[in-house]
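According to the numbering used here, the sequence shown holds residues 103 to 370 in order.
Before any comments, here is the structure.
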Amino acid sequence: MSIKKAAADLYTSIASRPALQSLHAAVLKFTLYAMGIGYSEHSDRNGERRWLNELHRRLTGLSRRAVIFDVGANVGDYAREVSEVFGAQVELHCFEPSKATFEELTRRTATIEGVVLNRLGVGSTTTTATLYTDGDGSTLASLYPRDLERFDRTMDQTESIELVSIDDYCRTRSIDHIDLLKLDIEGNEFEALRGAAKMIDEGRIDFIQLEFGATTLAARVSFHDLWTLLSPKFELYRILKRGLHPIRRYEEVCELFMYQNLVAIRRK
Numbered sequence: 103m104s105i106k107k108a109a110a111d112l113y114t115s116i117a118s119r120p121a122l123q124s125l126h127a128a129v130l131k132f133t134l135y136a137m138g139i140g141y142s143e144h145s146d147r148n149g150e151r152r153w154l155n156e157l158h159r160r161l162t163g164l165s166r167r168a169v170i171f172d173v174g175a176n177v178g179d180y181a182r183e184v185s186e187v188f189g190a191q192v193e194l195h196c197f198e199p200s201k202a203t204f205e206e207l208t209r210r211t212a213t214i215e216g217v218v219l220n221r222l223g224v225g226s227t228t229t230t231a232t233l234y235t236d237g238d239g240s241t242l243a244s245l246y247p248r249d250l251e252r253f254d255r256t257m258d259q260t261e262s263i264e265l266v267s268i269d270d271y272c273r274t275r276s277i278d279h280i281d282l283l284k285l286d287i288e289g290n291e292f293e294a295l296r297g298a299a300k301m302i303d304e305g306r307i308d309f310i311q312l313e314f315g316a317t318t319l320a321a322r323v324s325f326h327d328l329w330t331l332l333s334p335k336f337e338l339y340r341i342l343k344r345g346l347h348p349i350r351r352y353e354e355v356c357e358l359f360m361y362q363n364l365v366a367i368r369r370k
């Protein structure tokens, strides 16, 4: 028996007791928080704002304005953060399909320079779809009718929306490069990436930021699906409060359907 296995056997002999399971669960929860898993907080506390500042540093020196796609823009919180960090040196394409939410997004971004607003969702193809929500302006609006009764919420409101693929949008708008494709679309991230296949294959997207967690589970998408799609051309990282942690290989432990903010950086 190896030293590692012997140590594991000794530890479990001591610690694997019913009376200690609540303690283990609490320790595990906070350990996962430290790993950027399950820690869904405001951007200035979960590392997202830190990453945005790092992105700005990496893009400094461009001979053009940075091109950022904010897919799932909601009411414009991220758009405002991008404006604070990049100033006028950004061309920001916001996508929000819900009528009521889009109206609020329009109001809140009225003074931001370089914003292109689209009342559209993003998917694998250009089509129509049904959006499920628990109310106007909800951050939980999704193409998947999630069961949220444990949170005393019901996705019982629907709205017909228009979807566009990233490839189609870029083709019709003559956009040949995306510096950051940010996806926060409550489970439809994988389909949006499928709809950006041409841009990805041709190396015309440098950075992708997306969420993985309970919403991904509702869409029946695994981490392995994302890994298989992205890892050939991108290095994957998890956003931590104090930086980025590389995910060097796929392991079954990656299949933790708890909130995670991921960044994919194009391989050179």
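For every residue, glycine included, the Cβ atom is placed at its ideal position computed from N, Cα and C.
Since the structure is predicted, the reported quantities are computational estimates derived from the model, not experimental observations.
From what residue to what residue does the beta strand (DSSP E) around residue i run?
i      : result
Thr232 : Thr229 to Thr235
Ser262 : Gln259 to Val266
His195 : Val192 to Phe197
Arg368 : Gln362 to Arg368
Ala175 : Ala175 -> no beta strand (DSSP E), and no H or E assigned at all.
Run through DSSP, which three-state label would residue i get?
i      : result
Asp238 : coil
Phe336 : strand
Leu359 : A small fix is needed here, since residue 359 is Phe in this sequence, not Leu. In the structure shown, Phe359 sits in coil (DSSP, three-state: anything other than H, G, I, E or B).
Asp278 : coil
Ser185 : helix
Ala168 : strand
Ser115 : helix
Ser145 : helix
Tyr271 : helix
Arg255 : coil
Glu353 : coil
Would you kindly report the start and end of the unbroken alpha helix (DSSP H) that includes residue i?
i      : result
His126 : Gln123 to Ala136
Asn220 : It is not in any alpha helix (DSSP H) - Asn220 instead sits in the beta strand (DSSP E) that spans Val217 to Asn220.
Ala212 : Note, Ala212: premise wrong, no alpha helix (DSSP H); not H, not E.
Ile287 : Counting along the chain, Ile287 falls outside any alpha helix (DSSP H), and DSSP gives it neither H nor E.
Leu161 : Glu150 to Leu161
Can you give the beta carbon distance from residue i to residue j, rounded, assuming they're within the 8 Å contact cut?
i      : j      : result
Tyr339 : Leu331 : About 16 Å separates the two Cβ atoms, so there is no contact after all.
Ser262 : Thr235 : Not confirmed; about 12 Å, so no contact.
Ala231 : Gly239 : About 19 Å; that fails the 8 Å criterion.
Met360 : Gly140 : 4 Å
Thr227 : Gly149 : With a Cβ gap of about 33 Å, Thr227 and Gly149 do not count as contacting.
Phe171 : Leu283 : 5 Å
Phe309 : Asp278 : Between Asp278 and Phe309 the Cβ distance is about 16 Å, and since that is not below 8 Å, they are no contact.
Thr241 : Asn176 : 6 Å
Glu293 : Ala243 : No, Glu293 and Ala243 are not in contact; Cβ-Cβ is about 15 Å, not under 8 Å.
Leu265 : Thr229 : 5 Å
Ala320 : Arg248 : 5 Å
Gly315 : Arg368 : Gly315 to Arg368, Cβ: 24 Å. No contact.
Val187 : Asn155 : 6 Å
Cys356 : Phe336 : At roughly 15 Å, the Cβ-Cβ gap does not stay under 8 Å, so Cys356 and Phe336 are not in contact.
Leu219 : Leu207 : 7 Å
State the beta-bridge partners of residue i as determined by DSSP.
i      : result
Gly223 : Leu265
Ser244 : Tyr234
Ile139 : Gln362
Does at least one heavy atom of the ligand PLP sit under 8 Å from the Cβ of residue i?
i      : result
Glu143 : No copy of the ligand PLP occurs in the structure displayed, which carries no ligand at all.
(Q) Just to confirm the assignment: which complete beta strand (DSSP E) runs, minimum length 3, are found wholly within the segment 290-349? (A) Counting only unbroken stretches of 3 or more residues, the beta strand (DSSP E) elements lying wholly within the segment 290-349 are 307-314, 336-342 and 345-349, in sequence order.
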